[in-house]
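Numbering-wise (this note's numbering), the sequence shown opens with residue 3 and increments by one.
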Amino acid sequence: MKPLRIGNFSGFYGDRSDALREMLTGGEVDVLTGDYLAELTMLILARDRLKDPSAGYARTFPRQLEDCLGLAHERGVRIVTNAGGLNPAGLAGEIRRLADRLGIPVRVAHVEGDDLTAAHPGTLAAHAYLGGFGIAECLRAGADVVVTGRVTDAALVTGPAAAHFGWRPDDHDRLAGAVVAGHVLECGTQATGGNYAFFGEGDVRRPGFPLAEIHADGSSVITKHPGTGGFVDVGTVTAQLLYETGGARYAGPDVTARLDTVRLVGQGPDRVRIEGVRGEAPPPTLKVGLNRLGGFRNEVVFVLTGLGIEAKAALVREQLADALAKSPPEQVRWELVRTDRADADTEETASALLRLVVRDPDQRVVGRALSGAAVELALASYPGFHVLAPPGKGAPYGVFEDVYVPYGGATQETGASDVDTAQVPPAHGTVAHVAVLHDGRRVPVPPPRATRPLAAVPDPPLPEPLPPGPTRRAPLGLVAGARSGDKGGNANVGVWARSEDAWRWLAHTLTADTFRRLIPESRDLPVTRHPLPNLRAVNFVVEGILGAGVAAQARFDPQAKALGEWLRSRHLDIPEALL
Numbered sequence: 003m004k005p006l007r008i009g010n011f012s013g014f015y016g017d018r019s020d021a022l023r024e025m026l027t028g029g030e031v032d033v034l035t036g037d038y039l040a041e042l043t044m045l046i047l048a049r050d051r052l053k054d055p056s057a058g059y060a061r062t063f064p065r066q067l068e069d070c071l072g073l074a075h076e077r078g079v080r081i082v083t084n085a086g087g088l089n090p091a092g093l094a095g096e097i098r099r100l101a102d103r104l105g106i107p108v109r110v111a112h113v114e115g116d117d118l119t120a121a122h123p124g125t126l127a128a129h130a131y132l133g134g135f136g137i138a139e140c141l142r143a144g145a146d147v148v149v150t151g152r153v154t155d156a157a158l159v160t161g162p163a164a165a166h167f168g169w170r171p172d173d174h175d176r177l178a179g180a181v182v183a184g185h186v187l188e189c190g191t192q193a194t195g196g197n198y199a200f201f202g203e204g205d206v207r208r209p210g211f212p213l214a215e216i217h218a219d220g221s222s223v224i225t226k227h228p229g230t231g232g233f234v235d236v237g238t239v240t241a242q243l244l245y246e247t248g249g250a251r252y253a254g255p256d257v258t259a260r261l262d263t264v265r266l267v268g269q270g271p272d273r274v275r276i277e278g279v280r281g282e283a284p285p286p287t288l289k290v291g292l293n294r295l296g297g298f299r300n301e302v303v304f305v306l307t308g309l310g311i312e313a314k315a316a317l318v319r320e321q322l323a324d325a326l327a328k329s330p331p332e333q334v335r336w337e338l339v340r341t342d343r344a345d346a347d348t349e350e351t352a353s354a355l356l357r358l359v360v361r362d363p364d365q366r367v368v369g370r371a372l373s374g375a376a377v378e379l380a381l382a383s384y385p386g387f388h389v390l391a392p393p394g395k396g397a398p399y400g401v402f403e404d405v406y407v408p409y410g411g412a413t414q415e416t417g418a419s420d421v422d423t424a425q426v427p428p429a430h431g432t433v434a435h436v437a438v439l440h441d442g443r444r445v446p447v448p449p450p451r452a453t454r455p456l457a458a459v460p461d462p463p464l465p466e467p468l469p470p471g472p473t474r475r476a477p478l479g480l481v482a483g484a485r486s487g488d489k490g491g492n493a494n495v496g497v498w499a500r501s502e503d504a505w506r507w508l509a510h511t512l513t514a515d516t517f518r519r520l521i522p523e524s525r526d527l528p529v530t531r532h533p534l535p536n537l538r539a540v541n542f543v544v545e546g547i548l549g550a551g552v553a554a555q556a557r558f559d560p561q562a563k564a565l566g567e568w569l570r571s572r573h574l575d576i577p578e579a580l581l
């Protein structure tokens with residue numbers, strides 16, 4: 003059977019607006035997927051909905067579609083997107099009105115059931131991560147455009163693949179292969195050289211968007227349209243595979259994919275085959291992302307220039323101590339960022355930044371009283387006093403957390419001796435997954451017939467270590483790539499070696515203890531290492547390093563996007579044979 007060509011045209015809300023046209027005109031494609039949702043995006047859409055109950059979806063998507071809907075219809079390309087956000091029915095209705103206005107006979111369907119906000123009082127948005135079989139129902143019934151709310155990112159690929167090949171919910175290996183392909187596609191150009199550790203190996207000024215040729219057995223080839231920028235190789239695909247993952251079991255609502263079974267094979271320029279992926283029954287519960295208002299946040303950034311940086315910082319902190327003591331904020335954080343250089347030839351490079359960040363449930367505590375006290379220092383503090391921006395009245399910030407709910411109706415798979423029931427999260431309610439077809443019919447999507455609680459996979463055997471030899475103190479990034487990301491308050495850092503010898507060294511050297519030493523922020527936090535020998539990689543999960551998640555902005559890099567690059571810049575004793 004001919005492979006199904008699924009491309010991506012959006013990796014986040016705000017991605018390149020012309021990517022949809024580029025993917026439609028650049029080469030052969032059967033389905034195009036647009037991923038717009040992230041934890042922070044759900045909070046943004048929830049705040050939009052507070053102002054306008056008819057809002058709650060990605061408003062940029064209809065504008066993209068207005069330019070390209072006719073072209074997609076002419077070429078028979080179906081479009082599947084989670085741009086529906088908190089209001090998939092509202093977006094589906096807008097697309098129908100757009101199609102009518104343009105005179106294009108397009109069948110639009112949507113998926114419901116993820117919205118559990120009413121069951122979680124006090125949240126701005128509470129949404130379950132649904133799988134791909136609702137999408138599959140819509141496509142089987144003839145939909146040209148399918149809009150969803152919160153589904154897993156990979157569901158945008160598993161749904162079309164299941165519909166096209168007739169996969170059943172218990173086709174675990176095939177579904178797992180599609181999940182892996184979907185995970186590679188979901189962040190768009192991150193699979194084609196974007197945000198890539200070794201970006202200098204290709205022209206990444208404007209990377210093209212990726213596509214997957216998915217076969218009936220679940221294997222796939224990751225590629226891109228001819229003539230587009232960027233590049234696809236085993237390294238770019240490895241990097242994206244490690245992004246925002248944890249252990250060897252990558253759980254989802256359709257299937258648990260075994261990342262330790264993934265094999266990547268280069269098949270020439272811009273073609274990487276994904277094969278060998280094994281799947282297991284999904285967990286008995288669905289993840290639900292909760293977004294709520296965490297309180298109010300304010301920030302002042304003082305610029306300290308020239309000599310005596312430490313003394314100047316100490317003076318400001320002492321001068322503001324009284325103001326902070328009068329009505330103490332719940333959280334106070336000072337951070338001195340030494341961006342200054344001695345004998346600098348510009349004022350900016352002679353300056354350091356002192357950040358004061360405060361948080362409290364009461365906006366008044368972090369508002370004008372604090373910002374006023376900072377401004378009052380303008381003529382009464384250190385020489386050269388100024389701030390980057392006038393402090394405001396305090397802005398709301400969000401907090402993300404996840405809970406788990408049962409599917410309802412599924413039976414637990416038996417005979418799994420490695421099941422650890424202690425890892426099964428508590429349940430809170432049930433989910434009704436519904437496909438709303440283009441003709442208005444509502445089709446319930448049943449839960450999986452069998453489930454399997456998650457359990458950790460025992461660490462695999464490691465390769466033989468390299469023989470002893472001379473070493474040189476050098477950055478880790480000379481021999482290894484990395485990619486990092488966020489999941490709520492946790493961060494992951496995937497590190498991979500580029501040769502078998504480098505893997506033999508990395509596997510024995512970069513332990514969890516070594517990671518804690520190289521990344522001091524993690525020293526008092528749980529750090530778990532997951533070896534993935536097929537990818538010549540180790541994946542680290544650091545719990546709690548991001549506080550309450552990206553919306554809370556608990557650290558300088560709130561989504562841990564550059565945590566991997568920091569790790570690569572740290573120095574280790576590396577065998578000279580690898581350098």
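For glycine and all other residues, C-beta sits at the position ideal for the given N, C-alpha and C.
Only a predicted model underlies this, so the values are computations on that prediction, with no experimental measurement involved.
Just the C-alpha distance for residue i and residue j, rounded to the nearest angstrom, thanks.
i      : j      : result
Leu480 : Arg570 : 8 angstroms
Ala253 : Ile216 : 20 angstroms
Thr258 : Ala564 : 28 angstroms
Leu520 : Ala143 : 54 angstroms
Leu187 : Val305 : 42 angstroms
Ala241 : Gly161 : 24 angstroms
Ser12  : Gln66  : 11 angstroms
Val389 : Val543 : 36 angstroms
Glu567 : Ala550 : 22 angstroms
Leu456 : Val407 : 14 angstroms
Arg170 : Arg451 : 10 angstroms
Going by C-alpha to C-alpha distance, which of the options sits closest to residue i?
i      : options                           : result
Ala375 : Leu213, Lys4, Ala327 and Thr238   : Ala327
Leu6   : Val159, Ala21 and Tyr38           : Val159
Trp336 : Val368, Gln321, Val360 and Thr348 : Val360
Gly369 : Val339, Asn293 and Pro330         : Pro330
Glu578 : Pro522, Asp50 and Pro477          : Pro477
His227 : Arg500, Arg475 and Gly9           : Gly9
Glu332 : Ala313, Gln321 and Phe298         : Phe298
Lys244 : Ala199, Pro90, Ser501 and Arg23   : Correcting the residue type first, residue 244 is Leu in the shown sequence and not Lys. Looking at the Cα atoms, Ala199 is the closest of the given residues.
Arg77  : Gly196, Val33 and Lys314          : Val33
Pro392 : Ser373, Pro398 and Tyr384         : Ser373
When DSSP builds the beta bridges, which residues end up paired with residue i?
i      : result
Trp336 : Leu358
Thr277 : For the sequence presented, residue 277 should be read as Glu rather than Thr. Paired residues: Arg265.
Trp498 : Gly483 and Ala539
Leu295 : Gly400
Leu306 : Ala354
Gly36  : Ser12 and Thr83
Arg475 : Asp575
Tyr59  : None; Tyr59 has no bridge partner.
Ala346 : According to DSSP, which records beta bridges pairwise, Ala346 is partnered with nothing at all.
Asp488 : Ala493
Lys226 : Pro212
Check whether the Cβ atoms of residue i and residue j sit closer than 7 angstroms, and answer yes or no.
i      : j      : result
Arg265 : Asn541 : no
Leu381 : Val303 : no
Met3   : Ala218 : yes
Leu132 : Pro255 : yes
Val529 : Ala514 : yes
Gly248 : Leu177 : no
Asn300 : Gly396 : yes
Val445 : Glu139 : yes
Leu527 : Gly546 : yes
Gln195 : Thr150 : First, the amino acid is wrong: residue 195 is Gly here, not Gln. Against a cut-off of 7 angstroms, the Cβ pair of Thr150 and Gly195 comes out as no contact.
Keeping to the same chain, check which residues put their C-beta closer than 6 angstroms to that of residue i; ignore five residues upstream and five downstream.
i      : result
Ser221 : Gly179 and Glu277
Ala352 : Thr307, Gly308, Asp342 and Ala346
Leu574 : Leu478
His185 : Ala156
Pro428 : Because Pro428 sits at a pLDDT of 37, beneath the cut-off of 50, its placement in the model cannot be relied upon, and the point is left open.
Arg51  : Ala57, Gly58 and Leu88
Leu22  : Phe11, Gln66 and Cys70
Thr154 : Tyr131 and Gly254
Leaving out five residues on either side along the sequence, give the residues of the same chain with a beta carbon under 7 angstroms from the beta carbon of residue i.
i      : result
Ala60  : Tyr15, Tyr38, Ala85 and Gly87
Leu548 : Asp488, Gly491, Asn492, Ala493, Ala556, Arg557, Pro560 and Ala562
Val588 : Absent from the model: residue 588. The displayed extent of the chain is 3 to 581, so no value can be given.
Arg506 : Pro465, Glu466, Pro467 and Leu468
Ignore the nearest five residues each way along the sequence and tell me which others in residue i's own chain have a CB closer than 8 angstroms to its CB.
i      : result
Gly92  : Ser56, Ala57, Gly58, Tyr59 and Gly86
Gly411 : Reliability fails at Gly411, whose pLDDT of 42 lies under 50, so the model's placement of it is uncertain and the value that follows must be treated cautiously. Same-chain partners within the cutoff: Pro448 and Pro449.
Leu581 : Arg474, Ala476, Leu480 and Val481
Given 6 angstroms as the limit, tell me if residue i has its C-beta closer than that to any heavy atom belonging to the ligand ZN.
i      : result
Ala493 : Judged by which ligands are present, the structure shown has none, so any question about the ligand ZN falls away.
Determine whether the Cβ of residue i lies closer than 7 angstroms to any Cβ atom of chain E.
i     : result
Asn84 : Looking at the structure shown, chain E is missing, and only one protein chain is on hand.
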